[in-house]
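Following: one structure in structure tokens, then a few remarks.
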Ligand code: C2E
Ligand code: C2E
Ligand code: C2E
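In this note's numbering, the protein residues as written are 542 to 627.
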């Protein structure tokens, strides 16, 4: 869809993230691992991150936050409900 909006609630599916090729999700996987480490939060199936983190990640992926939201939904890392306009 045109003019995609960024996700408002970002809950990453960590199991799905593990299944995807590192050349695609490497930066995101490292970012999530760093947050888990800083929190000491290693046991979850999902990880809630800050909307500010989506902005940082979108710079790394050279996308807008809305485009990255669509990409993450496409990969199955975010649920379709993460898209605000859905
Ligand atoms: P929720 O935000 O809908 O999260 C549902 C469940 O997803 C959580 O159940 C937990 O098992 C998992 N989950 C979500 N984000 C993370 C994460 O970053 N790390 C890990 N390890 N698991 C995550 P849980 O823990 O029983 O929490 C139930 C509900 O209690 C949450 O529903 C939320 O409404 C509230 N809650 C728990 N912790 C927090 C928190 O730190 N801040 C806020 N505002 N609410 C929290
Ligand atoms: P910090 O940013 O100084 O946050 C200190 C503590 O405040 C956190 O300890 C957490 O208990 C609470 N806190 C801050 N913002 C939020 C929030 O939006 N929601 C909730 N539920 N709690 C919040 P914690 O979790 O042990 O994290 C330690 C440090 O790890 C944080 O210090 C921050 O530097 C880093 N960190 C953890 N999670 C994230 C994240 O999702 N994104 C980023 N950028 N940094 C994170
Ligand atoms: P949440 O805990 O339900 O927090 C929802 C929103 O409330 C956050 O959205 C943020 O705008 C605000 N908020 C909550 N606690 C704090 C705080 O201590 N300081 C400040 N400045 N704002 C706070 P945001 O940032 O998009 O975070 C979304 C979710 O990511 C949080 O939901 C929480 O589940 C997780 N999260 C973010 N940062 C941390 C962190 O440092 N530690 C932990 N354990 N979880 C975090």
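Just so it is clear, CB atoms sit at the ideal spot from N, CA and C, and this is done for glycine as well.
Give the straight-line distance between the Cα atoms of residue i and residue j, rounded to the nearest whole angstrom.
i: residue 545; j: residue 624; result: 8 Å
i: residue 618; j: residue 553; result: 6 Å
i: residue 614; j: residue 589; result: 15 Å
i: residue 568; j: residue 599; result: 11 Å
Taking all protein chains shown into account, decide if residue i is buried (16 or more other Cβ within 10 angstroms of its Cβ) or exposed.
i: residue 564; result: exposed
i: residue 581; result: exposed
i: residue 548; result: buried
i: residue 601; result: exposed
Please state whether DSSP places residue i in a helix, a strand or coil.
i: residue 619; result: coil
Which first and last residues belong to the beta strand (DSSP E) in which residue i is found?
i: residue 588; result: 587-590
What first and last residue would you give for the alpha helix (DSSP H) that runs through residue i?
i: residue 557; result: 555-560
i: residue 571; result: 563-580
Residues with C-beta closer than 5 Å to any heavy atom of ligand 3, in chain order: 580, 589, 591, 592
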